[in-house]
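Colleague: Below are the structure tokens for one structure; questions will follow.
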Amino acid sequence: MSYYVYILANGRNGTLYIGVTNDLIRRVHEHREATIESFSKKYQLTQLVHFETFHDALDAIAREKQLKHWRRSWKLDLIEQYNPYWRDLYPALL
1 MSYYVYILAN
11 GRNGTLYIGV
21 TNDLIRRVHE
31 HREATIESFS
41 KKYQLTQLVH
51 FETFHDALDA
61 IAREKQLKHW
71 RRSWKLDLIE
81 QYNPYWRDLY
91 PALL
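Numbering-wise, the sequence shown is residues 1 to 94 according to my numbering.
Quick look at the structure:
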């Protein structure tokens, strides 16, 4: 089984959300549909701008916690290193 740490945004340099899941497509779909009241719904965080894959749940959780404690500038640099145009990566997953 794979685990994913992902970053959602509402636009380039916008608000960021970092999460972890074992089903990236389902989880991003839930964020996009805004089916429950949440931070991502409030700020319309629907664009998947970065994700990382792990084979161990504890590694994924540790990475999520690490990223959540990073400075915002480091998070932006991470996104731009792999996705310089801030493209929504979700359609490519489907």
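Glycine included, each C-beta is placed from N, C-alpha and C at the ideal position.
#1: Check tyrosine 6 in the structure and name its three-state DSSP category.
#2: Between which two residues does the beta strand (DSSP E) carrying tyrosine 17 extend?
#3: In this structure, does DSSP put leucine 93 in helix, strand or coil?
#4: Apply the 10 Å Cβ neighbour rule to glutamine 66 and answer buried if 16 or more other Cβ atoms are within range, or exposed otherwise.
#5: So, at 7 Å on beta carbons, what are the nonlocal neighbours of isoleucine 61 in its own chain, with the 5 sequence-adjacent residues on each side left out?
#6: From alanine 92 to isoleucine 7, what does the alpha carbon distance come to, in whole angstroms?
#7: Ignore the nearest five residues each way along the sequence and tell me which others in alanine 9's own chain have a CB closer than 8 Å to its CB.
#8: Tell me, please, whether the CB atom of arginine 87 is closer than 8 Å to any CB atom in chain D?
Modeller: Straight from the coordinates:
#1: Shown here, tyrosine 6 sits in a strand according to DSSP, grouped into three states.
#2: 16 to 21
#3: helix
#4: exposed
#5: Val20
#6: 15 Å
#7: Once the five neighbours on either side are set aside, the close Cβ partners of alanine 9 are Thr15, Leu16, Tyr17, Leu45, Gln47, Val49, Ile79 and Trp86.
#8: Of the protein chains in this structure there is only one, and it is not chain D.
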